[in-house]
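Novice: Same order as they appear, the protein sequences are chains W and Z.
The numbers in the numbering used here rise by one with no breaks, and the one at position 71 of the first sequence is 71.
All you need for the numbering used here is the position in the second sequence, starting with 1, plus 84.
Beta carbons: idealized from backbone N, C-alpha and C, even for Gly.
In this text, all values refer to a predicted model and were calculated from it rather than measured experimentally.
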Amino acid sequence: MNESELKALNVAKLIDARGTACPGPMLEAKRAIGDCPVGGVMEVQSSDSGTMVDIQRWCKKMGHDYLGDVANDGFWSVYLTRKV
Amino acid sequence: MPTTGKANMNDSQNNDQLLKDLLKRVEALEREAPKNQLTIGVMSGDLERTMLAFIIALGATTFDMEVDMVFTLRASATLRDPKKVHKDLHELEPSPIKFDLEGHGAMSLNDLIQLAAESGVRITICNLSMDLMELEREELIDYPNLTFAGVAAFIDLCGQSRQCWFM
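#1: I'd like to know if Met191/Z contacts chain W, where contact means its C-beta is closer than 8 Å to some C-beta of that chain.
#2: Mark Thr231/Z as exposed unless 16 or more other C-beta atoms lie within 10 angstroms of its C-beta, in which case mark it buried.
#3: Is there a C-beta anywhere in chain W that falls below 8 Å from the one on Leu136/Z?
#4: What residues of chain W sit near Ile139/Z, judged by a beta carbon separation below 9 Å?
#5: Nearest-angstrom Cα distance between Ala141/Z and Ser4/W?
#6: Suppose you measure from the CA of Met42/W to the CA of His188/Z; what does that come to, to the nearest Å?
#7: Tell me which residue opens and which closes the beta strand (DSSP E) that Ile181/Z is part of.
#8: Thr231/Z versus chain W: which residues are under 8 Å apart at the beta carbon?
#9: From Glu222/Z to Asp165/Z, what does the alpha carbon distance come to, in whole angstroms?
#10: For Thr231/Z, which beta-bridge partners are listed by DSSP?
#11: Taking Cβ-Cβ distances shorter than 8 Å, what residues in chain W pair up with Phe147/Z?
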């Protein structure tokens, strides 16, 4: 998905993990995924640049779909679809 | 024909035996197979490694892994609650680098321990280390999953874990 497609997604669960370092954003993602409906999109906002790779690997292992990420001013938005 | 019938019976007996043998072997493999579990042996008494051990433990919980941390020797003393300790022994070795944890949004060791407790990370402390480090159980942090054990428990945990670390 390109940036405009990602930004146009209907986000079911948004997590603002900005300002927390590793492993904060992962712990918040793990905690929040339960509140996201299966098939719904979750957006994780993080100022930790490691989050993109971490979430990608996490999605692959946990069976979710990593959709992509968008760089914002000082943070990144990472998008995924909850599959299980 | 009788000869064919006999041969079929032998085949079917052989198949039954083969199936039994295979089931037995599969059961043994399942019993021995590592689980989605991580065991971290923590020996270091320095702040950096202790924090790192908790960060790795917490990372594993996000993958739904069961996590056991086994504290031994100097590391055992890192689990003392400063508020409960009256003697001043074996302090954590400070890092030679002065980290600005707060400035970078990083968690303190206390925060990490708190999160580990909430995330179901189990802690085992080596009994011998308790004695060698002259630690009293009453001096330790309040932690929901804290037990005491020996080397056999560590080996058993490692045996059933997909990943084992020692730091």
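Specialist: Concretely, from the data shown:
#1: Taking the second sequence and counting its residues from 1, the one referred to as residue 191/Z is at position 107. It does: the Cβ of Met191/Z has a partner Cβ on chain W nearer than 8 Å.
#2: Mapped onto the second sequence, residue 231/Z falls at position 147. Exposed, since its Cβ has fewer than 16 Cβ neighbours within 10 Å.
#3: Translated into the one-based positions of the second sequence, residue 136/Z becomes position 52. Taking a beta-carbon distance threshold of 8 Å, Leu136/Z does not count as an interface residue toward chain W.
#4: Here residue 139/Z is taken as the residue at index 55 of the second sequence, counted from 1. Going along chain W in sequence order, the residues near Ile139/Z (Cβ under 9 Å) are Cys22, Pro23.
#5: Position 57 of the second sequence, counted from the start, is the residue given in the question as residue 141/Z. Position 4 of the first sequence, counted from the start, is the residue given in the question as residue 4/W. Taking the straight line joining both Cα atoms gives about 37 Å.
#6: For the purposes of this step, residue 42/W is taken as the residue at position 42 of the first sequence. For the purposes of this step, residue 188/Z is taken as the residue at position 104 of the second sequence. Approximately 25 Å between the Cα atoms of the pair.
#7: Residue mapping note: residue 181/Z aligns to position 97 of the second sequence, counting from 1. Premise fails: Ile181/Z is in no beta strand (DSSP E) and is neither H nor E.
#8: The residue given as residue 231/Z occupies position 147 in the second sequence. Under the 8 Å cutoff, chain W gives no residues; its nearest Cβ is about 24 Å from Thr231/Z.
#9: Locating residue 222/Z in the second sequence gives position 138, where the first residue counts as 1. Locating residue 165/Z in the second sequence gives position 81, where the first residue counts as 1. If I take the Cα positions, the gap works out to 9 Å.
#10: Within the second sequence, the letter at position 147 stands for residue 231/Z. BP columns for Thr231/Z point to Thr208/Z.
#11: By one-based count along the second sequence, residue 147/Z stands at place 63. Near Phe147/Z (Cβ distances below 8 Å), the residues of chain W are Trp58, Lys61, Met62.
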